[in-house]
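Enquirer: What follows is a single structure, and I will ask about it in a moment.
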Ligand SMILES: [Zn+2]
């Protein structure tokens, strides 16, 4: 790891932490100038593209899923770690088959599936924000729920 201060190529690791289950944070010190800095390591997933409803493709963004889940939960009384664990579960399901491309619809369905078990109110909220009525019927058919008994 190159020192961001003097560009020297050797920086000693002082300390290693895991602030999240899949993130490693290292505190480093340049062996030449003594400059201290931190590096973060986490699995890279942005090689996956997302196909939007509009037909546009965009880079996969974990942050967007996290934001929409938090929005559905309205930050209520959930702890951040609890929300992050839910997002991780959603991602693991989405990436289980190592897809190169995901549709935004598939992502939405996975979010719904997890929210449904986690918090019925947030599930309903997410549905109302992200889905049209036609989608709603289709989704309920898929998960074997007749429409009408959801809310
Ligand atoms: Zn340095």
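Residue numbers (our numbering): 135 to 285. Each residue gets a CB set at the ideal place from its N, CA and C atoms; glycine is no exception.
1) Go through the segment 186 to 265 residue by residue and report every complete run of the alpha helix (DSSP H) that reaches 4 residues or more, in order.
2) How is residue 281 classed by DSSP in three states: helix, strand or coil?
3) With DSSP as the reference, label residue 136 as helix, strand or coil.
4) Secondary structure at residue 160, three-state DSSP: helix, strand or coil?
5) Can you find the residues in the same chain that come closer than 8 Å, C-beta to C-beta, to residue 199, ignoring five residues on each side of it along the sequence?
6) Looking at residue 159: is its Cβ nearer than 7 Å to the Cβ of residue 172?
7) Let me check understanding here. Comparing Cα to Cα, which of 248, 153, 142 and 148 lies closest to residue 203?
Expert: Taking the coordinates as given:
1) 196 to 207, 214 to 229, 238 to 252 and 254 to 264
2) Caution applies to residue 281, whose pLDDT of 47 falls short of 50 and renders its modelled position unreliable; the model cannot decide the point.
3) coil
4) strand
5) 221, 224, 225, 241 and 245
6) yes
7) 248
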